[in-house]
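Following: one structure in structure tokens, then a few remarks.
4 protein chains.
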Amino acid sequence: MQEKAVLLIETEDERGLVYKVSSVLYEMQINIDQNAEFVEKDIKRFFMRSEISGKFDESELLFKIKNTLPEKAIVKVIPLKKKRIVLMVTKEPHCLGDLLVRHKFGELNATIEAVIGNHDTLKELTEKFNIPFYFVDHSGMSRHEHEEKMAEIIDSYKPEYIVLAKFMRVLNPEFVKKYENKIINIHHSFLPAFIGAKPYQQAYERGVKIIGATAHFVNNNLDEGPIIAQSVISVDHSDSAENMAGLGRDVEKIVLARALKLAFEDRVFVNRNKTVIFE
Amino acid sequence: MQEKAVLLIETEDERGLVYKVSSVLYEMQINIDQNAEFVEKDIKRFFMRSEISGKFDESELLFKIKNTLPEKAIVKVIPLKKKRIVLMVTKEPHCLGDLLVRHKFGELNATIEAVIGNHDTLKELTEKFNIPFYFVDHSGMSRHEHEEKMAEIIDSYKPEYIVLAKFMRVLNPEFVKKYENKIINIHHSFLPAFIGAKPYQQAYERGVKIIGATAHFVNNNLDEGPIIAQSVISVDHSDSAENMAGLGRDVEKIVLARALKLAFEDRVFVNRNKTVIFE
Amino acid sequence: MQEKAVLLIETEDERGLVYKVSSVLYEMQINIDQNAEFVEKDIKRFFMRSEISGKFDESELLFKIKNTLPEKAIVKVIPLKKKRIVLMVTKEPHCLGDLLVRHKFGELNATIEAVIGNHDTLKELTEKFNIPFYFVDHSGMSRHEHEEKMAEIIDSYKPEYIVLAKFMRVLNPEFVKKYENKIINIHHSFLPAFIGAKPYQQAYERGVKIIGATAHFVNNNLDEGPIIAQSVISVDHSDSAENMAGLGRDVEKIVLARALKLAFEDRVFVNRNKTVIFE
Amino acid sequence: MQEKAVLLIETEDERGLVYKVSSVLYEMQINIDQNAEFVEKDIKRFFMRSEISGKFDESELLFKIKNTLPEKAIVKVIPLKKKRIVLMVTKEPHCLGDLLVRHKFGELNATIEAVIGNHDTLKELTEKFNIPFYFVDHSGMSRHEHEEKMAEIIDSYKPEYIVLAKFMRVLNPEFVKKYENKIINIHHSFLPAFIGAKPYQQAYERGVKIIGATAHFVNNNLDEGPIIAQSVISVDHSDSAENMAGLGRDVEKIVLARALKLAFEDRVFVNRNKTVIFE
Numbered sequence: 003m004q005e006k007a008v009l010l011i012e013t014e015d016e017r018g019l020v021y022k023v024s025s026v027l028y029e030m031q032i033n034i035d036q037n038a039e040f041v042e043k044d045i046k047r048f049f050m051r052s053e054i055s056g057k058f059d060e061s062e063l064l065f066k067i068k069n070t071l072p073e074k075a076i077v078k079v080i081p082l083k084k085k086r087i088v089l090m091v092t093k094e095p096h097c098l099g100d101l102l103v104r105h106k107f108g109e110l111n112a113t114i115e116a117v118i119g120n121h122d123t124l125k126e127l128t129e130k131f132n133i134p135f136y137f138v139d140h141s142g143m144s145r146h147e148h149e150e151k152m153a154e155i156i157d158s159y160k161p162e163y164i165v166l167a168k169f170m171r172v173l174n175p176e177f178v179k180k181y182e183n184k185i186i187n188i189h190h191s192f193l194p195a196f197i198g199a200k201p202y203q204q205a206y207e208r209g210v211k212i213i214g215a216t217a218h219f220v221n222n223n224l225d226e227g228p229i230i231a232q233s234v235i236s237v238d239h240s241d242s243a244e245n246m247a248g249l250g251r252d253v254e255k256i257v258l259a260r261a262l263k264l265a266f267e268d269r270v271f272v273n274r275n276k277t278v279i280f281e
Numbered sequence: 003m004q005e006k007a008v009l010l011i012e013t014e015d016e017r018g019l020v021y022k023v024s025s026v027l028y029e030m031q032i033n034i035d036q037n038a039e040f041v042e043k044d045i046k047r048f049f050m051r052s053e054i055s056g057k058f059d060e061s062e063l064l065f066k067i068k069n070t071l072p073e074k075a076i077v078k079v080i081p082l083k084k085k086r087i088v089l090m091v092t093k094e095p096h097c098l099g100d101l102l103v104r105h106k107f108g109e110l111n112a113t114i115e116a117v118i119g120n121h122d123t124l125k126e127l128t129e130k131f132n133i134p135f136y137f138v139d140h141s142g143m144s145r146h147e148h149e150e151k152m153a154e155i156i157d158s159y160k161p162e163y164i165v166l167a168k169f170m171r172v173l174n175p176e177f178v179k180k181y182e183n184k185i186i187n188i189h190h191s192f193l194p195a196f197i198g199a200k201p202y203q204q205a206y207e208r209g210v211k212i213i214g215a216t217a218h219f220v221n222n223n224l225d226e227g228p229i230i231a232q233s234v235i236s237v238d239h240s241d242s243a244e245n246m247a248g249l250g251r252d253v254e255k256i257v258l259a260r261a262l263k264l265a266f267e268d269r270v271f272v273n274r275n276k277t278v279i280f281e
Numbered sequence: 003m004q005e006k007a008v009l010l011i012e013t014e015d016e017r018g019l020v021y022k023v024s025s026v027l028y029e030m031q032i033n034i035d036q037n038a039e040f041v042e043k044d045i046k047r048f049f050m051r052s053e054i055s056g057k058f059d060e061s062e063l064l065f066k067i068k069n070t071l072p073e074k075a076i077v078k079v080i081p082l083k084k085k086r087i088v089l090m091v092t093k094e095p096h097c098l099g100d101l102l103v104r105h106k107f108g109e110l111n112a113t114i115e116a117v118i119g120n121h122d123t124l125k126e127l128t129e130k131f132n133i134p135f136y137f138v139d140h141s142g143m144s145r146h147e148h149e150e151k152m153a154e155i156i157d158s159y160k161p162e163y164i165v166l167a168k169f170m171r172v173l174n175p176e177f178v179k180k181y182e183n184k185i186i187n188i189h190h191s192f193l194p195a196f197i198g199a200k201p202y203q204q205a206y207e208r209g210v211k212i213i214g215a216t217a218h219f220v221n222n223n224l225d226e227g228p229i230i231a232q233s234v235i236s237v238d239h240s241d242s243a244e245n246m247a248g249l250g251r252d253v254e255k256i257v258l259a260r261a262l263k264l265a266f267e268d269r270v271f272v273n274r275n276k277t278v279i280f281e
Numbered sequence: 003m004q005e006k007a008v009l010l011i012e013t014e015d016e017r018g019l020v021y022k023v024s025s026v027l028y029e030m031q032i033n034i035d036q037n038a039e040f041v042e043k044d045i046k047r048f049f050m051r052s053e054i055s056g057k058f059d060e061s062e063l064l065f066k067i068k069n070t071l072p073e074k075a076i077v078k079v080i081p082l083k084k085k086r087i088v089l090m091v092t093k094e095p096h097c098l099g100d101l102l103v104r105h106k107f108g109e110l111n112a113t114i115e116a117v118i119g120n121h122d123t124l125k126e127l128t129e130k131f132n133i134p135f136y137f138v139d140h141s142g143m144s145r146h147e148h149e150e151k152m153a154e155i156i157d158s159y160k161p162e163y164i165v166l167a168k169f170m171r172v173l174n175p176e177f178v179k180k181y182e183n184k185i186i187n188i189h190h191s192f193l194p195a196f197i198g199a200k201p202y203q204q205a206y207e208r209g210v211k212i213i214g215a216t217a218h219f220v221n222n223n224l225d226e227g228p229i230i231a232q233s234v235i236s237v238d239h240s241d242s243a244e245n246m247a248g249l250g251r252d253v254e255k256i257v258l259a260r261a262l263k264l265a266f267e268d269r270v271f272v273n274r275n276k277t278v279i280f281e
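Protein chains in written order, with this note's numbering: chain A, 3 to 281; chain B, 3 to 281; chain C, 3 to 281; chain D, 3 to 281.
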């Protein structure tokens, strides 16, 4: 018997969806604590997220909701609990450090099961917080072999999300495909500006007055997945590319943390190459 | 027979409200085009806003919704149409100018019926746009007499909102009471900082690094009504109070326009001294 | 005899530049009311802007400063006065309306000499403010012929800046070359994101969470000139491309006005494809 | 012989100050790598900050500069090196955690000599990073006794700054006076809004749409010292006071870090109850 859960529904739009869902909940004596719907009109697609509470059988609820909705509707009932996550990192400590501190003090809404690095720079920091660190050196290995080795570690933890906390290697499509809608990356630019390498150098050379960071799912081409969160900060002519990187690091870690909070609270739907987010 | 309307509901919270409302709509074959609910848990109060469409009789809908809800529920069905508004101004042109241009090009979602000034500085600007301007001089009059004279003009236009677009006189409680939840003011500070006169001078003297503006309902004490929208801009030590005022004017007019958009689309509930806004 | 002026210096960097300039000013009993320098280290280039006051002969000052600096130094002494500008527009009124209101109330630091439109949509608005409007229809004309006709009007006013206040036609390189560092454009995206046509549609399709606007010099390829000012605003999945355009219009007009203020106060150096701005 | 230093000058304004300072530097063959001046016109006060390089004797430079300036001029030559700091904390880990990670990876421009807590909650976190933690319990002690005990620890480290990284006790005027212009606090509101206790609760009750944080010197009354940096974040009616606190923590740690960067690079002058900051 569940007490609290999130109900997620995605289906083609038609009249009466709210009525149908709410009547199942009413009949089962389930409270709606929070509720939000959205219809993407271009493609007539309906998204709904409800925070529900009461004494109910999860599979009964799922069955009844599915029964009342169009055949292809996607319905999930997700009990309230912390997500299991694995982090992937390279050398930069700011995102990892931020997540480790939040994790230690119960502010992450997730348990960090392990950290994988393609360098060992961040091993010491990770282990200070009693989290296992796996150094998976990529030297002398094909990209595919390297990813297989990392996937093996990842799979042993059965994580719900994989967080690229400044993991600076491109991932093969097979790896990405395997963890569809599960890999969240922080990119150090205000996408789609400055896709690819050295975005702060690019920003410096272009002479922009605002830089930013983007947290997104990695589902396809690098830096082109569905965007979850973005934020920006002002710069000027006196900021070198290095200064911009320093300013940007603060934006990156905050944007990543904000995106993870949204994802871990099951507030994010992936809608083709975009997201629908119920804040 | 209505075709499009906004349905607003405010009531004490209880289980099944969404179900009850949505079943009336379903039964009457009314579509929900957009829908949002919010429960203020502290005070167990439920707010709901739906954009609905279909062929329906407004009073039938109102009757049926009221019938299904708790006795004290507040229910409104508001047909989609432009609001009627009257502006009150003093000498500063930036908010008035902005609203007149939006109005002329159909971007205000309201018709400006008249402008009332306690100075005649903005008469020429207003009349360029073929809007009647009433110069109601306050000299030699009590505040009460002055307000009575303005109220007479206002009432002749039966406006749904009165917009204080930099009207720089304090209003008596009776005037404010008469137009409860109908007067929207733009205050030139980031409330509750710098209540009262000369906020930019106050901001300059305090040495703040960010200034702002606040659009709010005027329901009680000056500058203490329910806040609709706020925005800010960075300043530094080199900005004089006068510079800050210049920067602030840009913020003021944008914040006021944004608040009016929200109000005119019936997205704003007044909830005691706060607002619930469905964006 | 000048009383107040801005002194602008750009030269290759070397030791003693501040000393050399300040000793000329000291010797001529000229006050420095505000002063700022910047050295772009990559290219060893020195930029200096001083607001000066006193009784001095402009050409004597220019001669003495040039004499003390490296041969190729660029030195300007610009008396404090309003710039002369010509606006170019198409159909959208928000930037034009904003500039006309600022102009009328003395907040633009420039005189709008004329407005040229390739449509006549904004003729009535412009003439309300007693500014001449030239409708230069491009139909049945080559781009070159059209631009020649506009250039003739522009040149008759000898403007210091040409402001593209939502002028929606691409300009030929010859036109742009002719008015180097004098044409300021407002682009409706956060450059370099969404270069080219329909940026809000592009932003909508990419699912970004922040949109913006960019004011820049037009010196070369469209949307690739030196950036003067940028600003952004948050959006979410519920914003259609049309909504984004509405939100964006507010950003556009404020960013354009801010960039013009900087340019008209002679605070902006063009430094290759970037700007150095002394705020 | 110094190689790199920051030169700070504060004096009553008069003509020729830039000339006089720059001629000393030129004569001593010292390079100006960066330079900024500001005159507060209301009080005719001149502030100057120069980053200088070359081979020079620090006391000779100081002597010559002082000699050329008005008698009461304040002149400092500060060699480029990391500041020594002591942190004071209570129970919240977000600011401390952020500073410890920055410190460990060389991004703080300071050495954290010690952390003092009036609770022992953060002892474990601090010691993970090999920094001494002093638990100075205030129970059973007068405020004065407690502060004397902390001052003893502080003084043993001879820190240049004391950082209140969410130290939640009011400090006596004697303590504050002793460390004038040396104590930097992070306050969890957008000052001067919500001075005092529980600012997020106050913000929630007032229904503001933006919350913020303020880093400032503690020189006098609590929350009323010279402001160094501020930043804000949007909230809405659905954010509880607790949510606001969560959002605010991210703002707090970033604002504090930004203020410390400015202070540690000797960019901040205290000018009565305000700051002059050369970024």
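From the three backbone atoms N, C-alpha and C, an ideal C-beta is built for every residue, glycine too.
Give a yes or no on whether the minimum CB-CB distance between residue 259(B) and chain C is below 8 Å. As a working note, residue 259(B) is residue 257 in the second sequence. Chain C, which has a Cβ nearer than 8 Å to the Cβ of residue 259(B), makes this yes.
Contacts around residue 72(D), its chain only, beta-carbon distance under 8 Å, and the 5 residues preceding and following it disregarded: On the fourth sequence, residue 72(D) is found 70 positions in, with the first residue counted as 1. Excluding residues within five positions, the ones whose Cβ falls inside 8 Å are 13, 14, 16.
Does any C-beta atom of chain C lie closer than 8 Å to the C-beta of residue 247(A)? Taking the first residue of the first sequence as position 1, residue 247(A) is located at position 245. Chain C contact via Cβ: absent.
So, residue 10(A) versus residue 268(A), is the Cβ gap smaller than 8 Å? Locating residue 10(A) in the first sequence gives position 8, where the first residue counts as 1. Locating residue 268(A) in the first sequence gives position 266, where the first residue counts as 1. In contact: residue 10(A) and residue 268(A) (Cβ atoms closer than 8 Å).
Please report the straight-line C-alpha distance between residue 2(D) and residue 21(B), rounded to a whole angstrom. Since the first residue of chain D shown is 3 and the last is 281, residue 2(D) is not available in this structure.
Can you name the residues that DSSP bridges to residue 14(D)? Sequence index remark: in the fourth sequence, residue 14(D) carries index 12 (1-based). Looking at the DSSP output, residue 14(D) shares a beta bridge with 47(D).
CB of residue 229(C) within 8 Å of CB of residue 265(C), strictly: Within the third sequence, numbered from 1, the residue matching residue 229(C) stands at position 227. Within the third sequence, numbered from 1, the residue matching residue 265(C) stands at position 263. Taking C-beta atoms as the reference points, residue 229(C) and residue 265(C) fail to come closer than 8 Å.
Can you grab the Cα-Cα spacing for the pair residue 128(D) / residue 242(A), in whole Å? Start at 1 with the first residue of the fourth sequence, and residue 128(D) comes out as number 126. Start at 1 with the first residue of the first sequence, and residue 242(A) comes out as number 240. If you take the alpha carbons of residue 128(D) and residue 242(A), they lie about 33 Å apart.
With a floor of 4 residues, list each alpha helix (DSSP H) that falls wholly inside the stretch 26-77 of chain B, ordered by position along the chain. Listed in chain order, the complete alpha helix (DSSP H) runs (minimum 4 residues) inside the stretch 26-77 of chain B are 60-70.
Just to confirm the assignment, what range does the alpha helix (DSSP H) spanning residue 245(A) have? As a position in the first sequence, residue 245(A) is number 243, starting the count at 1. Start and end: 243-266.
Identify whether residue 277(D) lies in helix, strand or coil by the three-state DSSP scheme. What you label residue 277(D) is simply residue 275 of the fourth sequence in a count that begins at 1. If DSSP states are grouped into helix, strand and coil, residue 277(D) belongs with the strands.
Quick one, which residues of the stretch 90-103 of chain D are near chain A if we go by CB-CB under 9 Å, in chain order? So the close ones are 94, 95, 96, 98, 99, 100, 102, 103.
Straight-line Cα distance separating residue 206(C) from residue 37(B): Counting from 1 along the second sequence, the entry for residue 37(B) is found at position 35. Counting from 1 along the third sequence, the entry for residue 206(C) is found at position 204. Their backbone Cα atoms lie some 21 Å apart in a straight line.
May I ask you to list the residues that DSSP assigns as paired with residue 232(C)? Stepping through the third sequence from its first residue, residue 232(C) is reached at position 230. In the DSSP output, where bridge partners are listed per residue, residue 232(C) has 216(C).
Pairwise C-alpha distance: residue 139(A) and residue 93(D): Counting from one through the fourth sequence, the residue named residue 93(D) turns up at place 91. Counting from one through the first sequence, the residue named residue 139(A) turns up at place 137. Distance between the alpha carbons of residue 93(D) and residue 139(A) is about 39 Å.
Where residue 179(C) sits in the DSSP three-state scheme: As a working mapping, residue 179(C) is identified with position 177 in the third sequence. Reduced to three states, the DSSP call for residue 179(C) is helix.
Does any residue of chain D have a CB that is nearer than 8 Å to the CB of residue 135(A)? Looking up residue 135(A) in the first sequence gives position 133. So, not an interface residue.
CB contact check: residue 141(D) to chain B, cutoff 8 Å: Position 139 of the fourth sequence, counting from 1, holds the residue named residue 141(D). Taking a beta-carbon distance threshold of 8 Å, residue 141(D) does not count as an interface residue toward chain B.
Determine the closest residue to residue 161(B) out of 188(B), 102(B), 183(B), with distance taken between C-alpha atoms. Residue numbering aside, residue 161(B) sits at position 159 when the second sequence is read from its first letter. Across the set 188(B), 102(B), 183(B), the C-alpha of 183(B) shows the shortest separation from the C-alpha of residue 161(B).
By the criterion of Cβ-Cβ separation under 7 Å, what are the contact partners of residue 243(B) in chain A? The sequence position of residue 243(B) within the second sequence is 241, counting from 1. Within chain A, not a single residue places a beta-carbon under 7 Å from that of residue 243(B); the smallest gap is close to 23 Å.
Other residues of its chain near residue 137(D): CB distance less than 7 Å, five sequence neighbours each side excluded: Taking the first residue of the fourth sequence as 1, we reach residue 137(D) at position 135. Within the same chain, 119, 122, 125 come within 7 Å of residue 137(D) by CB-CB distance, once the 5 residues on both sides are set aside.
Please list the partners that residue 15(C) has in chain A, where partner means a Cβ-to-Cβ separation under 8 Å. One-based indexing of the third sequence puts residue 15(C) at position 13. Simply none; closest approach about 14 Å.
I'd like to know if residue 36(B) contacts chain D, where contact means its C-beta is closer than 8 Å to some C-beta of that chain. Position 34 of the second sequence, counted from the first residue, corresponds to residue 36(B). With its beta carbon at least 8 Å from every one in chain D, residue 36(B) lies outside the interface.
To the nearest angstrom, report how far apart residue 167(D) and residue 259(A) are at their CA atoms. Your numbering for residue 167(D) matches position 165 in the fourth sequence. Your numbering for residue 259(A) matches position 257 in the first sequence. A direct Cα-Cα distance of roughly 21 Å separates residue 167(D) from residue 259(A).
For the beta strand (DSSP E) containing residue 90(C), list its first residue and its last residue. For the purposes of this step, residue 90(C) is taken as the residue at position 88 of the third sequence. Segment 85-91, the beta strand (DSSP E) holding residue 90(C).
Of the residues 27(A), 101(A), 185(A), which one's Cα is nearest the Cα of residue 223(A)? Taking the first residue of the first sequence as 1, we reach residue 223(A) at position 221. Selection 27(A), 101(A), 185(A) evaluated against residue 223(A) yields 185(A) as nearest (Cα-Cα).
Quick check on the burial criterion: 16 or more other C-beta atoms within 10 angstroms. Buried or exposed for residue 81(D)? As a first step, residue 81(D) is located in the fourth sequence; it is residue number 79 there, counting from the start. The residue is exposed, with fewer than 16 neighbouring Cβ atoms inside 10 Å.
Of all Cβ atoms in chain C, is any one closer than 8 Å to the Cβ of residue 262(D)? Counting from 1 along the fourth sequence, the entry for residue 262(D) is found at position 260. For residue 262(D), the closest Cβ of chain C is not nearer than 8 Å.
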